[in-house]
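The structure appears below as C-alpha cells.
Numbering (our numbering), first residue to last: 12 to 141.
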C-alpha cells in the first residue's frame with residue numbers, strides 16, 4: 012500500500028466511511044448510499060482520482076456520448092466519459108495531484124462535484140429520451 016493510499020484510507024476511516032481496499036489496490040467506500048473509488052498511480056505518488064461508475068442501458072443513442080462530452084467540458088475539474096460497448100458505464104472522476112492536507116480540505120467538494128455531474132447527466136439524459 013502506497014503512502015498516499017494508506018493516508019487516504021486512514022482519513023476515510025476517521026471520517027466514518029468504512030473504506031476497503033479492492034484487488035486492484037484502490038480504495039472503495041460508500042457515501043450517502045453511493046459507491047466511490049479512490050485510485051492511485053504507482054508511477055506518480057501524488058496522483059489520486061475520486062471516481063464513481065454508473066452502469067447504463069446498452070444500445071443508447073449516439074447523442075449520449077455528446078452529453079458526456081458536454082458535461083466534461085462544463086466541469087473543467089471533472090471527467091465524464093462513457094466506457095465499454097456491450098455494457099455501457101458512465102465514469103465520473105475528479106483527478107488531482109495534491110498532498111494529504113489539500114486532499115482532506117477538498118474531499119467533500121470532490122464528492123459534491125461528482126454528484127452534480129451525475130445530476131446534470133441524468134437531467135440531460137431525461138431530455139434526450141423525452
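Glycine residues also receive a C-beta, built at the ideal position from the N, C-alpha and C atoms.
Query, Result
"Who are residue 125's beta bridge partners in DSSP?", "In the DSSP output, where bridge partners are listed per residue, residue 125 has none listed."
"Just to confirm before moving on: does the CB-CB distance between residue 139 and residue 54 stay below 9 Å?", "no"
"Give the single residue among 32, 108 and 98 whose Cα lies nearest to the Cα of residue 68.", "98"
"Out of 13, 48 and 32, which has the shortest C-alpha to C-alpha gap to residue 118?", "48"
"Exposed or buried, residue 63, counting other C-beta atoms within 10 Å across all chains shown (16 or more means buried)?", "buried"
"Buried or exposed, going by whether 16 or more other CB atoms sit within 10 Å of the CB of residue 21?", "exposed"
"By alpha-carbon positions, which one of 28, 56, 100 and 78 ends up nearest to residue 44?", "28"
"Could I get the ranges of all uninterrupted beta strand (DSSP E) runs contained in the stretch 40-109, with 3 residues as the minimum, in chain order?", "45-52, 55-66, 89-94 and 100-108"
"Ends of the alpha helix (DSSP H) at residue 22?", "14-25"
"Considering Cα atoms alone, identify which of 94, 122 and 13 is closest to residue 35.", "13"
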